[in-house]
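Residues in the sequence shown are numbered consecutively from 239, following the working numbering. A quick write-up on the structure given underneath.
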Amino acid sequence: NQHAQGYGWLGRYFDNTCAGQPNPDGSIAIGNKAPLALHGKTQKAVNFETEELFRWAGGTVNDSLENPYDEINRQKTKEANDKDTQLDFLVRTALDAQVSSDRIRAAVSKQPLLNYPDGQLAQQLQLIASMIRADLPTRVYYASLGGFDTHANQLNSHGNLMRQLGDALNAFQKDLKKQGNSGKVMTMVFSEFGRRVAQNGSNGTDHGTAAPMFLIGDNVKHGLLGKHPSLTTLDEGDLKFNTDFREVYAAILEDWMGADSKAILGKKYNKAKVF
239 NQHAQGYGWL
249 GRYFDNTCAG
259 QPNPDGSIAI
269 GNKAPLALHG
279 KTQKAVNFET
289 EELFRWAGGT
299 VNDSLENPYD
309 EINRQKTKEA
319 NDKDTQLDFL
329 VRTALDAQVS
339 SDRIRAAVSK
349 QPLLNYPDGQ
359 LAQQLQLIAS
369 MIRADLPTRV
379 YYASLGGFDT
389 HANQLNSHGN
399 LMRQLGDALN
409 AFQKDLKKQG
419 NSGKVMTMVF
429 SEFGRRVAQN
439 GSNGTDHGTA
449 APMFLIGDNV
459 KHGLLGKHPS
469 LTTLDEGDLK
479 FNTDFREVYA
489 AILEDWMGAD
499 SKAILGKKYN
509 KAKVF
């Protein structure tokens, strides 16, 4: 079963919709490793922490190969089943790395349209905004902000993290509007885990189940979808969720990304009314 083999929902999206059309930078994750959500069986995400670190370390490839490569790379190729096609695959992979590296570093070298606040997430979103502005053929960008596992002294740290999140997203949306790209981008903000309601013995909270999700964009329906969870009617100390996150995924896959959500999620879910 593909849904139990370590492939994420976005990785399966690329496997299902981009088969036979390799794109070296179809998805880009900012960080030291790509998240599980982007792991696909055949399609792999590009990931880097800074543009300086994302550099082709091999020898120079002849211009006569590099220049037409973008066009060649998007043509279907036969399956590698002998030595010649395996060699072709290795050459293609090397060219992938070089072309992708050069294209991304050129995109982020331009001066941003506005000043971003300090902080890890803001700098990641600035890089992403630069790549969107350069019109890279990337369908999914992934940024992250750590520190939310607040088992101790939650009050101050959580407030600071939320401030970083809000300030970074505010700058990112303003940048997209200045570019004229705000209608082309939908931003999804989510956490890998929620928090429990009750405080623990260390002035923090422990892992919980339900968590909020934010969707941001010109084409997103504004407002609250579903009900605010009760702080008193709990499920063994956890909030009771009102919306299945897979319903949100289904809506994004079908109404934003134009994909078959059943093929990717394993079954048909009702689409959350987010668009």
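Quick reminder that beta carbons are idealized off the backbone N, C-alpha and C, glycines included. Quantities reported herein were computed from a predicted structural model and do not represent experimental measurements.
From the DSSP secondary-structure annotation, give me the bridge partner or partners of residue i.
i      : result
THR425 : ILE454
GLY432 : GLY446
ASP476 : ASP473
ILE266 : VAL284, TYR379
Quick one: what's got a C-beta closer than 7 Å to residue i's C-beta in the same chain, skipping five residues either side?
i      : result
ALA345 : SER368, MET369, ALA372, LEU374
LEU328 : In this predicted model, LEU328 has a pLDDT of only 48, less than 50, meaning its place in the structure is not dependable; the value taken from the coordinates is given anyway. Excluding residues within five positions, none has a Cβ falling inside 7 Å.
LEU503 : TRP247, ARG484, TYR487, ALA488
GLY437 : The amino acid occupying residue 437 in the given sequence is Gln; Gly does not appear at that position. So the qualifying residues of the chain are THR443.
GLY418 : none
SER395 : GLY385, THR388
LEU291 : Because LEU291 carries a pLDDT of 46, less than 50, the predicted location of this residue cannot be relied on, and no value is offered for it.
So, is residue i buried or exposed, given that buried needs 16 or more other C-beta atoms within 10 angstroms?
i      : result
THR471 : exposed
HIS466 : exposed
GLY464 : exposed
GLN392 : buried
ILE310 : Annotation note: pLDDT 49 at ILE310 (below 50); position unreliable, coordinate value reported separately. When all chains shown are included, ILE310 counts as exposed.
THR376 : buried
ALA390 : exposed
GLN349 : exposed
LYS511 : exposed
GLN362 : buried
LEU352 : exposed
SER347 : exposed
LEU462 : exposed
LEU469 : exposed
Between which two residues does the alpha helix (DSSP H) carrying residue i extend?
i      : result
SER468 : Looking at the DSSP string, SER468 is not in any alpha helix (DSSP H), and its letter there is neither H nor E.
ALA360 : 358-371
MET400 : 392-417
GLU485 : 483-489
ALA510 : No alpha helix (DSSP H) holds ALA510; DSSP gives it neither H nor E.
SER499 : 499-503
TRP494 : Where TRP494 is concerned, there is no enclosing alpha helix (DSSP H), given that its DSSP letter is neither H nor E.
TYR251 : 247-255
Quick check on the DSSP output: the beta strand (DSSP E) that includes residue i runs from which residue to which?
i      : result
PHE286 : 284-286
ALA381 : Run containing ALA381: none; DSSP gives neither H nor E here.
ALA272 : Counting along the chain, ALA272 falls outside any beta strand (DSSP E), and DSSP gives it neither H nor E.
Compute the distance between the beta-carbons of residue i and residue j, then report whether it is under 8 Å.
i      : j      : result
ALA267 : TYR354 : no
TYR245 : GLY269 : no
ILE366 : GLN411 : no
SER265 : PHE252 : yes
ALA283 : LEU276 : yes
LEU233 : LEU407 : Here the chain covers residues 239 to 513 and nothing more, so residue 233 does not appear.
ASP476 : GLY439 : no
Please return the same chain residues whose Cβ sits closer than 6 Å to the Cβ of residue i, not counting the five positions on each side in sequence.
i      : result
LEU414 : SER420, VAL423
GLN493 : Residue identity differs from the one stated: residue 493 is Asp in this sequence, not Gln. Here the set comprises PHE513.
MET426 : LEU453
ALA449 : SER429, GLY432
ASP548 : Missing from the structure shown is residue 548; the chain here goes from 239 to 513 and no further.
THR255 : ALA497
TYR507 : ARG484, GLU485, ALA488
SER499 : ALA488, LEU491, GLU492
THR280 : ASP253
PHE479 : ALA448
Ignore the nearest five residues each way along the sequence and tell me which others in residue i's own chain have a CB closer than 8 Å to its CB.
i      : result
GLY297 : Residue placement at GLY297 is poorly supported in this model, since its pLDDT is 48, which falls under 50; the coordinates still yield a value, given next. For GLY297, where only same-chain residues beyond five positions count, there are no Cβ hits under 8 Å.
GLN402 : PRO355, GLY357, GLN358, LEU359, ALA360, LEU383
ASN457 : GLY421, MET424, TRP494, PHE513
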